[in-house]
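Using my numbering, read the first sequence as starting at 134 and increasing by one per residue.
Everything on this sheet refers to the single structure shown next.
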Amino acid sequence: MELSKAYTPKSVEEKWYSWWEQQGYFYADVQKDRRAYCITIPPPNVTGELHMGHALQHSIHDVLIRFKRMQGYNTLCLPGTDHAGIATQMKVEQQLWQQEKKSRLDVGRDEMVRRIWEWTEKYGGTILKQLRALGCSYDWRRTRFTLDEGYHKAVLEAFVRFYRRGWIYRGERMVNWCPNCRTVISDLEVEEVATQGFLWYIRYPMQEGDGEVVVATTRPETMLGDTAVAVHPEDRRWQPHIGKQVVLPLMERPIPIVADEYADPKMGSGAVKITPGHDPNDFEVGKRHNLPLVRVIGDDGRMTADAGRFAGLDRFEARKAVLEALEKGGYLVKRDAYQYNIPTHDKCGTIVEPLAKEQWFMNMKPLAESTIPVLERAEVKYFPDRFRNYSIEWLQNIRDWTLSRQLWWGHRIPVWTCRDCNEVIVQAEPPTRCTKCRGAKLEQDPDVLDTWFSSALWPFATLGWPEAAPEMDYFYPTDLLITSREILYLWVSRMITTSLEFVGKIPFRHVLIHPTILTKDGKRMSKSLGTGIDPLELIGMYGADATRFALLYQCSSTQDVRFDADVEENKVLRSMTTEMCRNFANKVWNAARFVLMNLGDGPVAPERLPAREDLELADRWILHRLNDTIERVTEALESYRFDDYGKQLYEFVWSEFCDWYVEMAKLRLYGKDSNEQATVRQMLVFLLDRTLRLIHPAMPFVTEEIWQALHSGQGSIMVQAYPRTEAGRIDPEVEGKMAFLMDIVRAIRNLRAEMNCAPSKELKVILFGREQNLALLRSQERYLRALARVGPVEYLTEGERPKGAATAIVGETEIYVPLGDMINLEEEKTRLNRELSRAQEELTRVQRKLGNNDFVAKAKEEIVRREKEKAEEFEDKIRTLNLSLGRIRELEQAGEKP
RNA sequence: GGUCGCAUAGCUCAGUUGGUUAGAGCGCGCGCCUCACAUGCGCGAGGUCGUAGGUUCAACUCCUACUGCGACCACCA
């Protein structure tokens, strides 16, 4: 089969992907007699679109899944999406507003939910299609959605079980309220944004007498809801005033001065205003002192009726108005520039309003307590391990989890209240009658559960829990969870706690935290800043294989990835690294073309290597290199070092196989000896076959295309066995010999280049050295001649060195290239002097070490011996260089004579 | 405020347990359309490994401090 001159990804990617899918290669079912390997992917938001973070995450998923599959595991990678409560509801709300100028309240709950489903079915899950373009070999039959029927059952079951354990309760607490989304959000969804603002000082006059209290605040509008001023009980300045009243300006309401340790005497005047309705600390103070709670900011972010004349104003307008009024009334003392953090909602950026609300909470302590020892024993392994400690710390300081959300899109809380007798019924099945009074007037709690409540069940809910599914016995615990840092607590820790509680097992053996993809200059990628990259665009430019390889190649375990791409307005102009990987794919392609073009009478069975006695140095060397590469590559994948994996492959294919082995193979291939030809062909096919298998997990498409050209009718490369090391082929001795030959070739090439000698011109070479070394070179002479473009070669072990020749030294072997008239004595002299000073520098360094008695006495024997050998080598080199320089001087003197 | 990570060639990054002349790709310079590949081939230049100390016979590697960048956690007016 003919391959075109350059690899064109577009023409093959779609073809092979649909073929793989049709053949069912991605599917995995319970097979008791086979080893299972399972990953459930982190479900992206159903509204999501592929970004570079996903692209990296799924390149990792797929490289491992394909690797494990080739290793013979019954491999399941289970995909799916998350209903993503707020994100999805917001998206459809926006659409509703744009198209019909209606809010969700206008259409009502049932209709709104219907519309969101409609949207989800129509547009949702785009990202799953995009993952196919990346080549992901996931079991799409098993695709799950966190709101599908079975999943919903699992969620209700979990809620009911937690409730019966007594961990879920209803209570009034300070919660984070998003006035834009009109819902409660959890602490983990709050993002603090550093802000430069002001600290305002306000004067509260004493009710009696003409004293005053000055308080400071960053949020003057909340003063309308103040119900006290607190001072420290031991603050002497305030002792006489405790229990007295001040008049709250603007509201003209008397409020007490209370003593509470919360007030810090070192801050300002030592007095702090107390707004129990709008500040978490003040809320606590209020509870301690039985203070009334006045809500001046409503759910919509506007001032309530309790804000008096400011009622109806937006909270930010109110701030201005309050400041103006305070100013006018002479209550404003001063303002200082002040830097502080503002809590915002990570989904919409709105400033979060702390409000006291009645919500469903979950006590996380018992779960945390049973999970901590599991993590301490490292039953779940983290890569890198430090994330395990972070998780333990988080669990140690865990706080109650606000479960309810005032949304319509999500799992509705399975709690009903009987209107007749107020009985609270918590159960998975919707009740028709009250369990106590048999009344039929039951009202379900209007709220839905935090999306993360359902995500926490992902690994086992997708495999059939709470039913007794065979998948749970076979695939669970899953093997690996691959995710990003930011949802370590939000998601990963909670999956472990819930799995231990419900299944009694860890959910996964390994957790891999992958790096964040940053821009070239180390900033966060952001669509709104124009620095975003669409992975599909990269795939279009360079192919899916190159994109995957580029991501893996840059994925180190210690650093975030500064993705090497020039981007303007979210468009990729060029990505050097991806280009490099595209070139690599093309290199593999052309290496394959070379092999296929030279097959002769037809394919050779790849499993059959030539007999050992037919193998030459180059053959044994490349087999050694192959086996070494197999070992390293396998180890790299197993320890999640993807950059290492990529680099090993690149080096082996490009530098070792193509630059050396293929070049050497050409001689036997194009020669007349048919036995040699057959040997080399077998070698080439074998090497190509093994190389393709090694690369396939990273570059599934090119490797499949080539594999099919090489072995059509043998199924896909993706189900072939991943190469294993053959101990018998590891041969370090051959590596040394080959390295020597390569050094000689490079030295001659270097001489040619330095002497400006045309590449086409054949050189005469005289090799001077020890018999043992020369014998090796003599045996490889045809390669030496071809690779270094050398004509006649002379071998000398003793006697005169040639005059008028360029000199190079490799170890103990001297290389002379007589250049006749072509030699430029001046240039050669400079060159030799440069070599000489380098050697002298090195010698000095080594001698200094050896001259140090401590070094000789304390360093390991082997190290000292090596240094001594080095010293000898440099001395020899210097001697030889000096001799060459001497001969040049002789020639110069001779030339001067007429 | 607390905890942690990172700093190596012009750029993006490797550098396993301290011990060869610190590597790769891109970029740069020189020479090549050599019958697999110009998405290529050959050769080369380029680094006192962030700063200052310390441990050691020996530090890019281990320790301390500092500087710069970043992440996570945190209800102080």
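Yeah, the Cβ is synthetic: ideal placement off N, Cα and C, and Gly gets one too.
Fair warning: this is a prediction, and the values are worked out from it, not measured in the lab.
Task: Cα-Cα separation between D699 and F775, rounded to whole angstroms - done: Counting from 1 along the first sequence, the entry for residue 699 is found at position 566. Counting from 1 along the first sequence, the entry for residue 775 is found at position 642. Straight-line Cα distance between these residues: approximately 23 Å.
TODO: Use the C-beta contact count for Y464: other C-beta atoms within 10 angstroms, 16 or more gives buried, fewer gives exposed.
DONE: Residue 464 sits at position 331 when you count from the first residue of the first sequence. Buried, since its Cβ has 16 or more Cβ neighbours within 10 Å.
Task: Bounding residues of the beta strand (DSSP E) (the contiguous stretch that carries W333) - done: Residue 333 sits at position 200 when you count from the first residue of the first sequence. 323-338 is the span of the beta strand (DSSP E), which, as asked, contains W333.
Task: Contact set for P338: own chain, Cβ-Cβ below 7 Å, skip 5 residues either direction - done: Within the first sequence, the letter at position 205 stands for residue 338. Here the set comprises E345, V379, V380.
TODO: Apply the 10 Å Cβ neighbour rule to G462 and answer buried if 16 or more other Cβ atoms are within range, or exposed otherwise.
DONE: Against the first sequence, residue 462 aligns to sequence position 329. G462 is exposed by the Cβ-count criterion.
Task: Coil, strand or helix - T360 by DSSP - done: Start at 1 with the first residue of the first sequence, and residue 360 comes out as number 227. Three-state DSSP puts T360 in coil, outside helix and strand.
TODO: Within the same chain, show all residues whose beta-carbon is closer than 6 Å to that of T630, passing over the 5 residues directly before and after it, in chain order.
DONE: Locating residue 630 in the first sequence gives position 497, where the first residue counts as 1. Cβ neighbours of T630 beyond the five flanking positions: L500, T504.
Open item on the list: Please tell me whether L357 and V405 are closer than 9 Å, where the distance is taken between their beta carbons.
Closed with: Along the first sequence, one-based indexing puts residue 357 at 224. Along the first sequence, one-based indexing puts residue 405 at 272. Cβ distance not < 9 Å, so L357 and V405 don't count as in contact.
Task: Cβ-based neighbour list, H647, same chain, cut-off 8 Å, excluding 5 preceding and 5 following - done: Translated into positions along the first sequence, residue 647 becomes position 514. Cβ within range, chain order: L189, Q190, I193, I615, T616, S617, C688.
TODO: Could you say which of T584, N957, M628, P610 lies nearest to L528 if we only look at CA atoms?
DONE: Here the question's residue 528 lines up with position 395 in the first sequence. Of the listed residues, the one whose Cα sits closest to L528 is M628.
- [ ] May I ask you to verify whether the segment 484-503 touches the segment 522-539, counting CB pairs closer than 8 Å and requiring at least 3?
- [x] yes
Task: Distance CB(R879)-CB(T767) smaller than 9 Å - done: For the purposes of this step, residue 879 is identified with residue 746 of the first sequence, where counting begins at 1. For the purposes of this step, residue 767 is identified with residue 634 of the first sequence, where counting begins at 1. Going by C-beta atoms, R879 is not nearer than 9 Å to T767.
Task: Cβ separation of A220 and T180, assumed to be a contact under 8 Å, to the nearest whole Å - done: Here residue 220 refers to the residue found at position 87 when the first sequence is read from its first residue. Here residue 180 refers to the residue found at position 47 when the first sequence is read from its first residue. About 5 Å separates the two Cβ atoms, so the contact holds.
TODO: Have a look at the DSSP bridge pairing and note the partners of P951.
DONE: Here residue 951 refers to the residue found at position 818 when the first sequence is read from its first residue. According to DSSP, which records beta bridges pairwise, P951 is partnered with A938.
- [ ] Any chance you could list the alpha helix (DSSP H) runs of at least 4 consecutive residues sitting entirely within the segment 171-253, in chain order?
- [x] 185-203, 218-233, 237-240
Task: Which residues DSSP lists as bridging E927, in chain order - done: As a first step, residue 927 must be located in the first sequence, where it is residue number 794. Answer is I899, bridged to E927.
Open item on the list: What does the Cβ neighbour count give for M245, buried or exposed, with the cut at 16 atoms within 10 Å?
Closed with: Position 112 of the first sequence, counting from 1, holds the residue named residue 245. Its Cβ being crowded by 16 or more others within 10 Å, M245 is buried.
- [ ] Use the C-beta contact count for Y256: other C-beta atoms within 10 angstroms, 16 or more gives buried, fewer gives exposed.
- [x] Translated into positions along the first sequence, residue 256 becomes position 123. Under this definition Y256 is an exposed residue.
- [ ] Determine the extent of the alpha helix (DSSP H) in which V293 is found, giving its start and end residues.
- [x] Here residue 293 refers to the residue found at position 160 of the first sequence. Counting along the chain, the alpha helix (DSSP H) containing V293 begins and ends at 282-297.
- [ ] Could you tell me which uninterrupted alpha helix (DSSP H) segments, each at least 4 residues in length, are contained entirely in the segment 691-738, listed from first to last along the chain?
- [x] 709-730
- [ ] Identify whether N496 lies in helix, strand or coil by the three-state DSSP scheme.
- [x] Counted from its first residue, the first sequence places residue 496 at position 363. Coil at N496, not helix or strand.
Task: Cβ-Cβ distance between L488 and W310 below 9 Å - done: Translated into the one-based positions of the first sequence, residue 488 becomes position 355. Translated into the one-based positions of the first sequence, residue 310 becomes position 177. Yes, the pair counts as a contact, with Cβ atoms nearer than the cut-off.
- [ ] Locate the alpha helix (DSSP H) running through P833, then write down its first and last residues.
- [x] Along the first sequence, read from residue 1 onward, the residue named residue 833 stands at position 700. P833 -> alpha helix (DSSP H) spans 833-843.
Task: Of the listed residues V786, P951, A392, L825, nearest to R199 (C-alpha basis) - done: Residue mapping note: residue 199 aligns to position 66 of the first sequence, counting from 1. Comparing Cα-Cα distances from R199 to each of V786, P951, A392, L825, the minimum goes to L825.
- [ ] Take L229 and list the residues in its own chain whose beta-carbon comes closer than 6 Å to its own, dropping the five residues that flank it on each side.
- [x] Here residue 229 is taken as the residue at index 96 of the first sequence, counted from 1. Correct list, in chain order: K235.
TODO: Please classify D654: is it buried, with 16 or more other beta-carbons within 10 angstroms of its beta-carbon, or exposed?
DONE: Reading the first sequence from its first residue, position 521 is the one you call residue 654. When all chains shown are included, D654 counts as exposed.
Open item on the list: Considering only their Cβ atoms, is the gap separating F641 from P564 smaller than 9 Å?
Closed with: As a working note, residue 564 is residue 431 in the first sequence. As a working note, residue 641 is residue 508 in the first sequence. It is not a contact, given that the beta carbons lie outside the stated cut-off.
Open item on the list: Rounded to whole angstroms, what is the Cα-Cα separation between S524 and S319?
Closed with: As a working mapping, residue 524 is identified with position 391 in the first sequence. As a working mapping, residue 319 is identified with position 186 in the first sequence. Taking the straight line from one Cα to the other gives about 18 Å.
Open item on the list: Spatial neighbours of A679 within its chain, please: C-beta separation below 6 Å, excluding the five flanking residues on both sides.
Closed with: Position 546 of the first sequence, counted from the start, is the residue given in the question as residue 679. Around A679: T711, C714, R715, A718.
- [ ] Could you please give the first and the last residue of the uninterrupted alpha helix (DSSP H) stretch that includes A438?
- [x] On the first sequence, residue 438 is found 305 positions in, with the first residue counted as 1. No alpha helix (DSSP H) holds A438; DSSP gives it neither H nor E.
TODO: Find the nearest neighbour of A602 within the set V317, V163, L459, judged by alpha-carbon distance.
DONE: Here residue 602 corresponds to residue number 469 of the first sequence, with the count starting at 1. Considering only alpha carbons, the answer is V163.
TODO: Verify whether the separation of the beta carbon atoms of A683 and D697 is less than 9 Å.
DONE: Numbered from 1 along the first sequence, position 550 holds the residue referred to as residue 683. Numbered from 1 along the first sequence, position 564 holds the residue referred to as residue 697. Cβ atoms of A683 and D697: closer than 9 Å.
TODO: Return the first residue and the last residue of the alpha helix (DSSP H) that Y783 is part of.
DONE: As a first step, residue 783 must be located in the first sequence, where it is residue number 650. Taken as a continuous stretch (DSSP letters only), the alpha helix (DSSP H) holding Y783 covers 775-783.
Open item on the list: Less than 9 Å between the beta carbons of M797 and M185, yes or no?
Closed with: Translated into positions along the first sequence, residue 797 becomes position 664. Translated into positions along the first sequence, residue 185 becomes position 52. Their beta carbons are not under 9 Å apart, which means M797 does not touch M185 by this criterion.
Task: DSSP-derived helix/strand/coil call for Q74 - done: Coverage of the chain is limited to positions 134 through 1031, which leaves residue 74 absent and any answer about it impossible.
TODO: Counting only the same chain and skipping the five closest in sequence on each side, list residues whose C-beta sits under 7 Å from that of K1030.
DONE: Mapped onto the first sequence, residue 1030 falls at position 897. Residue placement at K1030 is poorly supported in this model, since its pLDDT is 49, which falls under 50; the coordinates are not used for a value here.
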